[in-house]
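Numbering (our numbering), first residue to last: 652 to 905.
The block underneath contains the structure these notes are about, expressed in structure tokens.
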């Protein structure tokens, strides 16, 4: 069993209406368009809660500036590495380096989006992830697509440009799924939503995220109930046969 986690920054569930790839995936995966992220619904706090499976008031990062943990706990990358699992990460937002401790990755690829178009950046990361998976077969791979958040801040969530970019991200996701080895379980989600040109509040538009789980442990077409971004880490550890830390607050989704 191998796991790929694809996260699309700032992707609102109601932006997925009428996207062909989403409608097709609903028939193959367990899914929800009503999962919840954490407050404050900002990028780094949400990622920290995803990988550490606790609320921001526990891991201590409440803005996009990392705050060292006062009472440290192990995150997903730490737990997997310490159990001799291979981790890989493909990303384009530098602050994500703080979601794990040094030395816990076998391989990473960072692509600076300011020098490339959104499409080029996401394509390079998708190609990088697929190539590394084919060559090294890592146990856990994190693939981060940044661009809907960028368009949301620039043009507004649910604007024409934002919607176009969400569709392009799903074109990339489709490409990845078509070229991924069969033994991978795939999660597709977001860190937060957004409203107008902002996010970070407790509004439903900011707090509600999609979540898809595709693999043999998930019944095709089943709707996931009461899912949280904090549930992803304990689900990954269960899939990979690794003990879940007692301090984690999320639950396994199967």
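Heads up, the beta-carbon is just placed ideally off N, CA and C, and yes, glycines get one too.
None of the values given here were measured: they were computed from a predicted structure.
Need the endpoints of the alpha helix (DSSP H) that residue i sits in, please.
| i | result |
| --- | --- |
| residue 817 | 811–829 |
| residue 887 | 883–890 |
| residue 676 | 671–677 |
| residue 712 | No alpha helix (DSSP H) holds residue 712; DSSP gives it neither H nor E. |
| residue 655 | Premise fails: residue 655 lies in the beta strand (DSSP E), 653–659, not in any alpha helix (DSSP H). |
| residue 846 | Unbroken run through residue 846: none, as it is neither H nor E. |
| residue 697 | 694–703 |
Return the CA-CA distance between residue i and residue j, expressed in angstroms with no decimal places.
| i | j | result |
| --- | --- | --- |
| residue 743 | residue 662 | 16 Å |
| residue 790 | residue 807 | 37 Å |
| residue 736 | residue 749 | 20 Å |
| residue 715 | residue 767 | 23 Å |
| residue 847 | residue 786 | 42 Å |
| residue 872 | residue 677 | 5 Å |
| residue 859 | residue 664 | 7 Å |
| residue 695 | residue 880 | 13 Å |
| residue 752 | residue 729 | 7 Å |
| residue 797 | residue 897 | 31 Å |
| residue 861 | residue 878 | 9 Å |
| residue 666 | residue 853 | 19 Å |
Terminal residues of the continuous beta strand (DSSP E) containing residue i?
| i | result |
| --- | --- |
| residue 839 | 835–840 |
| residue 863 | 859–865 |
| residue 684 | 681–687 |
Tell me, to the nearest whole angstrom, how far the beta carbon of residue i is from that of residue j; I am working on the premise that it is less than 8 Å.
| i | j | result |
| --- | --- | --- |
| residue 685 | residue 841 | Going by Cβ atoms, the distance from residue 685 to residue 841 rounds to 12 Å, so no, they are not a contact pair. |
| residue 801 | residue 769 | 7 Å |
| residue 681 | residue 864 | 5 Å |
| residue 740 | residue 756 | 6 Å |
Can you check whether the C-beta of residue i is within less than 8 Å of a C-beta belonging to chain C?
| i | result |
| --- | --- |
| residue 802 | Within the model displayed, chain C is absent; a lone protein chain is all it includes. |
Are the CB atoms of residue i and residue j nearer to each other than 8 Å?
| i | j | result |
| --- | --- | --- |
| residue 673 | residue 836 | no |
| residue 691 | residue 699 | no |
| residue 693 | residue 804 | no |
| residue 899 | residue 704 | yes |
| residue 820 | residue 799 | yes |
Please go through the segment 726–804 and give each complete beta strand (DSSP E) segment of 3 or more residues, from N-terminal end onward. 738–742, 758–761, 791–796
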